[in-house]
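First the structure, in the form of structure tokens, and then the observations on it.
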Amino acid sequence: MEKLHVMRNTLAAQLNEQEFEAIRPVICGELKAVDSVIQAFVHTFELEEESRRPDSEQPDSRQ
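Quick note on this note's numbering: the sequence shown kicks off at 151 and runs consecutively.
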């Protein structure tokens with residue numbers, strides 16, 4: 151899953167770079183495909199997306 155997120159972040163960063171302007175539609179398609187695979191993994195394996203997961207490294211402030 152981490153590898154998919156790295157791939158997604160790389161593609162998203164490439165969308166904003168001038169040297170990739172000519173292949174922007176291809177990058178958009180790949181980004182949509184990676185998002186689809188991530189969603190399939192989340193659904194199939196009943197995973198929580200990282201953006202929704204509470205940070206387990208953070209100490210509980212109620213203590």
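Note that CB positions come from ideal geometry on N, CA and C, so glycine has one too.
Subject >> Secondary structure, alpha helix (DSSP H): runs of 4+ residues fully inside the region 159–208 >> reply: Along the region 159–208, the alpha helix (DSSP H) occurs as fully enclosed runs of 4 or more residues at 174–194, listed in sequence order.
Subject >> Same chain, Cβ closer than 8 Å to Leu-102, five either side skipped, listed in chain order >> reply: No information on residue 102 is available, as it lies outside the stretch 151 to 213 that the chain covers here.
Original post:
Using DSSP with H/G/I as helix, E/B as strand and the rest coil, what is Met-157?
Top reply: Here Met-157 carries a helix assignment [DSSP, helix/strand/coil].
Original post:
Just the Cα atoms here: how many angstroms apart are Arg-174 and Leu-197?
Top reply: It is roughly 30 Å from the alpha-carbon of Arg-174 to the alpha-carbon of Leu-197.
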